[in-house]
Every structure is written in structure tokens, then in C-alpha cells.
DNA sequence: TATATAATTTCGCAAAACGCGAAATAAGGT
DNA sequence: ACCTTATTTCGCGTTTTGCGAAATTATATA
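Protein chains in written order, with our numbering: chain P, 4 to 301; chain A, 4 to 301.
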């Protein structure tokens with residue numbers, strides 16, 4: 004390549020002002036530097052681009068050609084810079100998000116929606132993964148922002164507590180346990196439940212716990228979503244076990260009792276993690292802020 | 004400006020090959036240099052342009068934008084380079100030519116025409132000037148190639164003998180001096196002449212020489228061009244004084260006698276001059292070659 | 001005619017950018 | 001556990017670049 008963008012910009016100024024000195028002043032650079040840039044340029048090109056006249060300079064025919072192209076090239080370069088600035092500032096870009104299935108099922112859709120409203124040009128690429136893998140991929144740099152269970156180790160990344168949720172037992176108003184403050188898992192095995200389908204790891208966990216206690220989880224019905232569970236409980240088909248955040252908003256209007264489930268494993272906190280907050284891309288930084296500012300009640 | 008053309012070209016290669024190392028090898032540059040170029044670039048832009056993956060790299064969304072623009076910018080830059088190469092090689096360009104009126108009147112049109120046939124894209128800008136000014140402007144660099152009278156001093160420029168012409172007296176076949184080998188100026192003042200119009204410095208010179216000799220140049224008729232002089236002489240209206248090169252081609256067919264004018268000043272050699280032959284632009288070098296190769300008989 | 005004025009170019013030096021190879025680092029694949 | 005394939009970091013030397021001072025050149029002015 005015979006020229007560089009700085010020389011092109013200087014050349015534009017030189018021709019516009021008809022003088023190397025004037026251009027040097029305008030562009031805040033020493034006259035001598037500009038002069039040598041052009042002498043070097045002409046050497047490389049093998050042709051003069053400026054006629055040296057008594058009171059300044061004027062483009063040679065080759066200079067006119069250079070000038071025309073310089074304008075085009077510089078305009079393109081500026082457009083590129085401007086466009087890239089959007090990425091730097093986070094107005095534009097992509098955030099690679101990974102979340103575990105529970106987070107996706109429970110609250111991520113709402114968070115995504117509100118983020119999209121605020122930053123319509125930022126694309127969110129969501130991957131559903133197990134929490135351990137998420138931490139791993141964050142550390143690797145393959146994921147910008149991850150949402151994962153608070154119970155997994157997350158050394159080597161920056162993690163922030165997000166939703167501090169807890170599993171609760173949902174009961175219709177007249178149910179025997181509806182009035183209690185808290186229950187143990189074994190206490191509720193006497194009653195029929197509204198279960199989730201097999202795909203849910205949460206539900207598999209319940210089944211295993213019941214089995215460990217030498218009991219079975221008696222299912223009145225199985226549904227596919229948290230929302231389905233809630234509706235079935237309302238219809239008095241059985242007890243449900245759900246994250247508090249999922250039912251809390253509906254508890255009063257549905258006339259449901261939300262009874263705390265007092266077990267180690269019923270703590271279902273979520274963390275948000277990034278590799279290095281200070282090094283996040285603009286868009287990812289925006290998304291992280293958004294997540295942290297929309298923390299939900301525990 | 005956030006980037007330079009070299010980085011853009013490297014970026015194109017990196018994305019195309021999906022790897023910094025491969026691109027470095029292709030572009031004959033050390034891997035470390037390429038790596039640092041991008042790390043610097045990303046710093047300046049404030050956003051990453053490459054995702055570092057396990058087996059190489061891939062563009063981020065910002066990188067895709069950069070890539071798109073890089074292509075456009077590089078293509079433009081290459082076009083510019085190619086176009087400018089024509090100027091360097093002399094296939095294209097402008098040659099600022101200065102010549103004195105005699106040269107223009109006598110032979111320059113023919114030289115220009117043949118040069119244009121050989122190099123149609125080279126523009127010749129002709130200025131008609133006095134010989135001293137021509138030498139001056141060559142030294143100044145305001146003129147690329149000059150054609151001027153050999154009698155003026157031409158120190159400080161490179162000059163080459165061009166047309167070594169001589170003024171001759173043209174007489175119709177039966178004229179008293181037609182048979183002579185050579186004549187002095189005073190010898191021909193006894194006869195009527197075919198004169199040129201006042202604008203001609205050549206003719207003013209004759210008038211002055213006659214006056215210095217205490218005589219007058221008797222004019223039978225005045226015409227505007229060398230060619231007109233010749234035709235009037237053919238018609239037997241008087242003697243003419245013309246550069247030999249102008250009449251020689253017609254002398255036989257017109258039945259004219261061409262008699263050498265034996266005076267110091269009748270030597271009318273022309274020189275071609277340039278400031279520095281080695282430093283000429285491509286086009287100017289071509290024109291100089293053309294001039295020197297089309298030297299005319301004296 | 002001598003002297004200012006306005007422009008470019010040349011020069012020497014210092015600072016910054018750049019390239020290179022070696023070593024460090026990282027993640028898979030065998 | 002070791003090898004392979006990448007990128008990154010580091011130290012060093014070279015090249016490029018910028019700057020200010022001085023040289024140069026041509027015109028304008030006194």
C-alpha cells in the first residue's frame with residue numbers, strides 16, 4: 004500500500020487550503036512532518052502529487068486523482084468508525100448469555116424483554132446450559148454473561164448474587180398445611196402433588212428425595228410448566244412445589260397459600276457471573292447492569 | 004482514525020482464514036505482530052472485533068461490521084494505487100511544456116501530434132514564452148520541458164540540442180541571388196521582400212538590422228505565417244527569410260532556391276531543457292524522449 | 001537595492017510505533 | 001500425562017514519525 008489514512012487526510016487538507024503550512028496548523032502537526040510525509044509519498048508513488056508554487060502548493064493531475072480517492076476512502080473510514088463507536092458504547096452489539104434451565108423458565112424471559120425495550124439494537128444470544136458449564140464458559144470467554152445456580156463453585160470469575168429464591172409449597176386455601184409457616188419435605192408427602200413432567204431436573208430431584216426417604220411422591224396430575232402447576236393447585240388438584248418468585252405475584256389473587264419449604268436444598272439462589280466486569284464489551288456491560296438493577300425479591 | 008490500511012488488510016485475512024497465525028503466515032509478518040495489532044485496535048475501538056476460540060478466531064458482531072467496511076476501503080485504496088501507477092509509469096499525466104513562438108510556429112505542432120498518437124492519455128499543457136523566461140521557469144520547476152532558442156544562457160538546467168536550424172533566403176528560380184551559395188544580409192536589401200506581420204519577433208529583428216545598416220527592408224507584401232511567406236515567394240513577389248526546416252520540404256517541388264544567410268544571428272538552434280532529467284515525471288520523461296528521438300535535420 | 005515576509009525543505013535528535021523471536025499460556029486430542 | 005495448535009506477552013532492535021531550528025527560495029516592501 005502506498006499511502007495511509009493519515010497522509011490522505013493531510014493531503015485533503017493541503018489541497019483544500021492550498022498550503023502545507025496551513026494544513027499542518029489545522030491538523031496540529033509540524034510543517035516539517037507534513038512536508039516529509041508528502042515527499043515520502045511521492046517517492047513511493049513514483050510521481051509528484053503537488054506542484055510547489057510560489058505561495059503554496061497545488062495538486063498535480065496525479066494529485067487530483069489521489070484527492071478524489073482520498074475523499075472516498077476517508078468518508079468510508081469515518082463511517083466505519085462511527086458505526087463501530089456504537090459497539091464501543093454498548094448501543095449495538097451482541098451479548099452471549101448462558102443460563103441454566105430454571106433461570107430460563109423462571110424469570111429470564113421477562114428480563115430479556117425489558118432489556119430489549121431499552122436497547123433494541125443489542126442482540127442477546129441465549130444458550131441453555133448446566134450451571135457448571137456456564138461457569139466454565141464464562142471463564143473461557145465463550146460466554147459474556149451467565150446466570151447460574153448459586154450452589155455451584157464459581158472461582159475465577161466475578162459473580163454477583165442475583166435472585167435469592169427459595170422453593171415453597173403452594174397450597175389451595177383450605178388445605179391442611181395452608182396455615183403453617185413452614186414445612187419439611189416429608190410433611191407434604193402425605194398429600195397428592197401436582198408434578199412437572201420428567202424433563203425437569205427439579206422434579207427428578209423431588210422424586211429422588213422422596214425415594215431416599217422410603218416414600219413416593221404421589222402425583223394427581225403432571226403438567227409442563229411452572230404456570231401449569233400453579234393453575235392446577237388453584238383447581239385444588241394437589242400441592243405444588245415452586246420457586247417463590249414464580250407464584251408470589253399471583254398468590255393473593257389466586258387465594259393460594261405459599262408455605263416455606265425448610266430444607267437445605269430449597270435455597271435456590273441464582274448468581275450472575277462475568278469473567279471481568281471491567282473488560283466487558285459495552286453491550287455486555289449494559290446487560291449486566293440491567294440484570295443487577297432488576298434483581299427480584301427473594 | 005482508529006485503524007490503518009495494513010490492519011484492515013490483516014483483519015480481512017484473519018477472518019478469511021479464521022486464524023491469526025494463518026493470516027500472519029500468508030501476509031509474511033510475525034504472529035506476535037498481528038496479535039498485537041489487533042489487541043491495540045480493540046483498545047482503540049473500545050470493543051472486541053474477534054472472539055478467541057479454541058482453534059482460532061472468529062469475528063464479533065463489531066468485527067463483522069469492520070470486515071464489511073474493510074473490504075470497501077481496501078478495494079478503493081487498491082483502485083487508487085492502480086490508477087496512480089499509470090502516472091508513475093508515464094502512461095497518464097500532464098507535461099507542462101513551454102516553447103518560444105518560433106518553435107511553436109515552426110515544428111512543435113507536428114511533434115505534439117505524433118506524441119499524442121503514442122500517448123493519448125498524457126496531456127500536454129503548452130505555454131508560449133520568451134526563451135529566457137522558459138529557462139527560468141524550468142529551473143523553478145514551473146515547467147517540465149522547455150524548447151527555447153539556443154542563444155540564451157541555460158545554466159543550472161539540463162539542456163539538449165534539438166533542432167539546429169538556420170535562417171535562409173528563399174528566392175524564386177530566376178532571381179539574381181538564386182544561384183549563389185550564400186549571401187549576407189545587406190546583399191539582399193536591394194530587393195523587395197515578403198515580410199511577416201509586426202507581431203513576429205523574427206521580423207522585428209530584421210527591420211532593426213536593416214535600420215542599423217542605414218537601410219530599410221523594402222516589403223512587397225506582408226503575410227502572417229511562414230507558409231504564407233513561402234507561397235508569396237513562389238508567386239515571385241519578393242525574397243523571403245525563413246528557417247531552413249520550414250522550406251526545405253517544399254523547395255524542390257516549388258522550384259525555390261534556398262540560399263544560406265551568412266550571419267551570426269542566422270543560426271537558429273533550439274534546445275530542449277529540463278531541470279533534472281532523472282527527476283522527471285513519467286509523462287515528462289516520455290515527452291522528452293519523444294522530442295529527442297524526433298530531432299529534425301538542421 | 002536591501003530587507004522583510006511567507007512559503008517549503010533539510011537536518012539532527014528524541015519519542016513512538018512496529019516487527020521479530022522466544023517464552024508463556026491455554027485447550028484439546030492422543 | 002504428553003503433544004499439538006493457537007494466542008498472548010515480553011524484551012530488544014529497527015524503522016517511522018514528529019518536532020524545532022536552520023537553510024532555501026521567491027515575492028513584496030521600504
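Glycine included, every Cβ here is placed at the ideal spot set by N, Cα and C.
Note that the coordinates shown come from a computational prediction; the quantities given were computed from them, not determined experimentally.
Helix, strand or coil at residue i [DSSP, three-state]
i                      : result
residue 168 of chain P : strand
residue 11 of chain P  : helix
residue 228 of chain A : coil
residue 101 of chain A : strand
residue 234 of chain A : helix
residue 242 of chain A : strand
residue 51 of chain P  : coil
residue 177 of chain A : coil
residue 140 of chain A : helix
residue 190 of chain A : helix
residue 6 of chain A   : coil
residue 204 of chain A : helix
residue 73 of chain P  : helix
N- and C-terminal bounds of the beta strand (DSSP E) containing residue i
i                      : result
residue 146 of chain P : No beta strand (DSSP E) contains residue 146 of chain P, which DSSP labels as neither H nor E.
residue 273 of chain A : 270-277
Residue range of the alpha helix (DSSP H) that includes residue i
i                      : result
residue 285 of chain A : 285-296
residue 253 of chain P : 247-257
residue 111 of chain A : 111-121
residue 46 of chain P  : 34-48
residue 23 of chain P  : 23-29
Nearest-angstrom Cβ-Cβ length linking residue i and residue j, presumed shorter than 8 Å
i                      : j                      : result
residue 13 of chain P  : residue 52 of chain P  : No, residue 13 of chain P and residue 52 of chain P are not in contact; Cβ-Cβ is about 11 Å, not under 8 Å.
residue 232 of chain P : residue 197 of chain P : 5 Å
residue 241 of chain A : residue 223 of chain A : 4 Å
residue 3 of chain A   : residue 144 of chain P : This structure cannot settle anything about residue 3 of chain A, because the visible part of chain A is limited to 4 through 301.
residue 98 of chain P  : residue 148 of chain P : 6 Å
residue 173 of chain P : residue 236 of chain P : 5 Å
residue 189 of chain P : residue 216 of chain P : 6 Å
residue 106 of chain P : residue 229 of chain P : So it is not a contact: roughly 12 Å between Cβ atoms.
residue 199 of chain A : residue 206 of chain A : 4 Å
residue 60 of chain A  : residue 17 of chain A  : 6 Å
residue 244 of chain P : residue 170 of chain P : 6 Å
residue 264 of chain P : residue 186 of chain P : 6 Å
residue 76 of chain P  : residue 76 of chain A  : 6 Å
residue 7 of chain P   : residue 48 of chain P  : At roughly 13 Å, the Cβ-Cβ gap does not stay under 8 Å, so residue 7 of chain P and residue 48 of chain P are not in contact.
Residues bridged to residue i [DSSP beta-bridge criterion]
i                      : result
residue 217 of chain P : Its beta-bridge partners do not exist; DSSP assigns none.
residue 64 of chain A  : Paired residue(s): none; residue 64 of chain A is not in a bridge.
residue 263 of chain A : A:171 and A:185
residue 86 of chain P  : Paired residue(s): none; residue 86 of chain P is not in a bridge.
residue 56 of chain A  : A:59
residue 125 of chain P : P:96
residue 197 of chain P : P:224
residue 161 of chain A : A:277
residue 152 of chain A : A:273
residue 131 of chain P : P:102
* Mind the definition here: the stretch 83-90 of chain A touches the stretch 264-280 of chain A only if three or more C-beta pairs lie below 8 Å; say whether that holds. => no
* Between the stretch 85-94 of chain A and the stretch 279-286 of chain A, do three or more beta carbon pairs fall short of 8 Å? -> yes
* To do: Indicate whether the contact test is met: 3 or more Cβ pairs, each with one atom in the stretch 157-173 of chain P and one in the stretch 133-142 of chain P, closer than 8 Å.
  => yes
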